[in-house]
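Taking it in order: structure first as structure tokens, then the write-up.
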Amino acid sequence: MWDDFLAQGGFIPGEVVTITPFKAGTPWLQGIVQQLLCNGADPNTALSEASP
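In the working numbering, the protein residues as written are 64 to 115.
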């Protein structure tokens with residue numbers, strides 16, 4: 064699976080990848096990352112649109 068991912072180009076520069084176990088606060092972590100990327104400012108995009 065990893066080799067297939069890398070063969071398709073792998074990561075795009077600037078991507079942020081978060082990994083959490085299921086039912087362990089994934090939206091919470093995504094919200095924290097969104098705040099970090101916006102330097103603490105109120106984001107203009109809903110979390111569901113920014114992190115599909």
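Virtual Cβ for every residue (Gly too), placed ideally from N, Cα, C. Keep in mind the model is a prediction, meaning the values are calculated, not measured.
> Which same chain residues, not among the five before or five after Val96, have their C-beta less than 7 Å away from its C-beta?
Replying inline: So the list reads Val79, Thr81, once near-sequence residues are dropped.
>> If you follow the alpha helix (DSSP H) that Pro90 is in, where does it begin and where does it stop?
In response: For Pro90, the enclosing alpha helix (DSSP H) has its first and last residue at 89 to 100.
>> So, for Ala113: in the same chain, excluding its five sequence neighbours on each side, which residues have a beta-carbon less than 7 Å away from its beta-carbon?
In response: Excluding sequence neighbours, Ala113 sits near Gln97, Pro106.
> How about Pro90 and Leu110: do their beta carbons lie closer than 9 Å?
Replying inline: Between Pro90 and Leu110, the CB-CB gap stays under 9 Å.
>> Please report the straight-line C-alpha distance between Cys101 and Gly72, rounded to a whole angstrom.
In response: Those two C-alpha atoms are separated by around 27 Å.
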